[in-house]
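In the working numbering, the protein residues as written are 560 to 863.
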Amino acid sequence: MPRVLDGAAIATAIKQEVADEVKKLAAQGIRPGLAAVLVGHEPASEIYVRSKVQTCAELGLFSDLITPPDTVTTEEMFDLVNSLNTRDDIDGILIQLPLPAQVDAKFLLDSVLPEKDVDGFHPVNAGRLQAGRPALAPCTPAGVIQILRRSQIPIAGKHAVVVGRSDIVGKPVAMLLLHENATVTICHSKTQNLGEVTRQADILVAAIGRPGFIMPEMVKPGATLIDVGINRISTREQFDRFFKGNEKREAAFLKRGSVIVGDIDPAAFELSSAYTPVPGGVGLLTIAMLMSNTVRAAKMRRGI
Ligand code: GUN
560 MPRVLDGAAI
570 ATAIKQEVAD
580 EVKKLAAQGI
590 RPGLAAVLVG
600 HEPASEIYVR
610 SKVQTCAELG
620 LFSDLITPPD
630 TVTTEEMFDL
640 VNSLNTRDDI
650 DGILIQLPLP
660 AQVDAKFLLD
670 SVLPEKDVDG
680 FHPVNAGRLQ
690 AGRPALAPCT
700 PAGVIQILRR
710 SQIPIAGKHA
720 VVVGRSDIVG
730 KPVAMLLLHE
740 NATVTICHSK
750 TQNLGEVTRQ
760 ADILVAAIGR
770 PGFIMPEMVK
780 PGATLIDVGI
790 NRISTREQFD
800 RFFKGNEKRE
810 AAFLKRGSVI
820 VGDIDPAAFE
830 LSSAYTPVPG
840 GVGLLTIAML
850 MSNTVRAAKM
860 RRGI
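Put into structure tokens, the structure is as follows:
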């Protein structure tokens, strides 16, 4: 039987450590602060941001939720980011993505002070990460490493195959795994003979954004499977492909008209030695690592 890597338990442990650190800082008169910028009314973004703000409150961090109108311009967002860059009560700036089409997202992410870039999206932080310098690492990739470490899954010397090359997950998680001394291969949508490569993986990280993309025949028996995907499926055909006969999921599907599936076909989990479920795996670590990055940014900015 494969081991289920429990994202909830690991996220709770990390949040407890962050709360303890926040208490220590409070004794020195320091309260780490996060600014969360949410433009528009994308339901998923609203849920994420609400959860980020709520977690700040739970752990004792200050937070400021800023919601510019849907019609906001790049210039107005730039002015906002600059004001957050200079505010002393703000240690971390989070601009929830995606931004509306009229806003130049890359320009804005580049205008966040790297020291306050708690998402780790600024090229300076990407460069620091790659060069092995202290950096604020993107939250989801950092969460993947925490899951592996805290589950005592060896990384050093293992072959880690990352499927997906995004700036937010694929590239940074590959770099973090390399720093943990894994042998790392990055695959993507144009990789030839993908299954041949993924079958070599001791640790397979799927971050390609396609439902059930990694099928059982692409997995080496006994591998550790890390599923970063969050895909909503809403057709009966897709449901039956992944969850036919699964009563709990069926009830959820009938109630909500959709369910979430990761980038790994759940049938592949059965071959693994350990895997992160979706939901309940990597996703839960993202906010915990955001809190951790914000406290870290608060300390670094004060030379602690
Ligand atoms: N949208 C989806 N995931 C993320 C994330 O980790 N950070 C931000 N800022 N936006 C996102």
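Backbone N, C-alpha and C define an ideal beta-carbon position, used for all residues, glycine too.
{"Check": "Using the three-state DSSP reduction, which class does I767 fall into: helix, strand or coil?", "Outcome": "coil"}
{"Check": "Tell me the start and end of each unbroken beta strand (DSSP E) in the region 673-744 that is at least 3 residues and wholly inside, in chain order.", "Outcome": "718-722"}
{"Check": "If you drop the 5 nearest sequence neighbours on each side, which residues of the same chain put their C-beta closer than 7 Å to that of Y607?", "Outcome": "Q655"}
{"Check": "Which term fits M848, buried or exposed, when burial requires 16 or more other beta carbons within 10 angstroms of its beta carbon?", "Outcome": "buried"}
{"Check": "Please determine, among E739, N740, G723 and L763, the residue with the shortest C-alpha to C-alpha distance to T750.", "Outcome": "G723"}
{"Check": "Once DSSP output is grouped into helix, strand and coil, what is the label at I792?", "Outcome": "strand"}
{"Check": "My output table needs one value for D799: the three-state DSSP class, helix, strand or coil.", "Outcome": "helix"}
{"Check": "When the Cβ atoms of the region 825-838 are set against those of the region 781-788, are three or more pairs found closer than 8 Å?", "Outcome": "yes"}
{"Check": "What is the DSSP secondary structure of I652, counted as helix, strand or coil?", "Outcome": "strand"}
{"Check": "Would you tell me roughly how many angstroms separate the C-alpha atoms of A811 and F798, rounded to the nearest one?", "Outcome": "11 Å"}
{"Check": "Measuring CB to CB, does L653 end up less than 8 Å from A595?", "Outcome": "yes"}
{"Check": "Since I believe A856 is in contact with V677 (beta carbons under 8 Å), could you give me their beta-carbon distance rounded to a whole number of angstroms?", "Outcome": "6 Å"}
{"Check": "Check whether the region 707-716 touches the region 681-689, counting contact only when three or more Cβ pairs, one atom from each stretch, lie closer than 8 Å.", "Outcome": "no"}
{"Check": "With a 10 Å radius around its C-beta and 16 neighbouring C-beta atoms as the bar for buried, classify N740 as buried or exposed.", "Outcome": "exposed"}
{"Check": "Just reading off the beta strand (DSSP E) that G592 is part of, what are its end residues?", "Outcome": "G592 to V596"}
{"Check": "So, under 8 Å CB-CB, V837 and G788 are touching, yes? Tell me the CB distance rounded to an integer number of Å.", "Outcome": "7 Å"}
{"Check": "Around the C-beta of F666, are 16 or more other C-beta atoms found within 10 angstroms, so that it is buried, or is it exposed?", "Outcome": "exposed"}
{"Check": "Measure the alpha-carbon distance for K803 versus Q689 and round it to whole angstroms.", "Outcome": "43 Å"}
{"Check": "Buried or exposed: which applies to E806, given that a residue is buried once 16 or more other Cβ atoms fall within 10 Å of its Cβ?", "Outcome": "exposed"}
{"Check": "Of the choices D647, C615, V820 and A567, whose alpha-carbon is the least far from that of G771?", "Outcome": "V820"}
{"Check": "By Cβ distance, which residues of its chain are closer than 6 Å to A701, with the 5 residues on each side in sequence left out?", "Outcome": "M848"}
{"Check": "Around the C-beta of E580, are 16 or more other C-beta atoms found within 10 angstroms, so that it is buried, or is it exposed?", "Outcome": "buried"}
{"Check": "From N752 to C746, what does the alpha carbon distance come to, in whole angstroms?", "Outcome": "10 Å"}
{"Check": "Could you give the residue range of the alpha helix (DSSP H) that holds S637?", "Outcome": "The residue asked about is misnamed: residue 637 is Phe in this sequence, not Ser. Counting along the chain, the alpha helix (DSSP H) containing F637 begins and ends at T633 to T645."}
{"Check": "On the DSSP bridge list, what partners appear for V563?", "Outcome": "Y834"}
{"Check": "Any chance the CB of C615 is under 7 Å from a heavy atom of the ligand GUN?", "Outcome": "no"}
{"Check": "Within this structure, are the beta carbons of G592 and D650 separated by less than 8 Å?", "Outcome": "yes"}
{"Check": "CB-CB under 7 Å to I569, same chain, minus the five flanking residues each way: which ones, in chain order?", "Outcome": "Q705, I706, R709 and L844"}
{"Check": "Please tell me whether, using a cut-off of 7 Å, the distance from the CB of I767 to the nearest non-hydrogen atom of the ligand GUN is below it.", "Outcome": "no"}
{"Check": "Assign T630 to one of three DSSP states: helix, strand, or coil.", "Outcome": "coil"}
{"Check": "Ignore the nearest five residues each way along the sequence and tell me which others in V612's own chain have a CB closer than 7 Å to its CB.", "Outcome": "A595, S622 and L624"}
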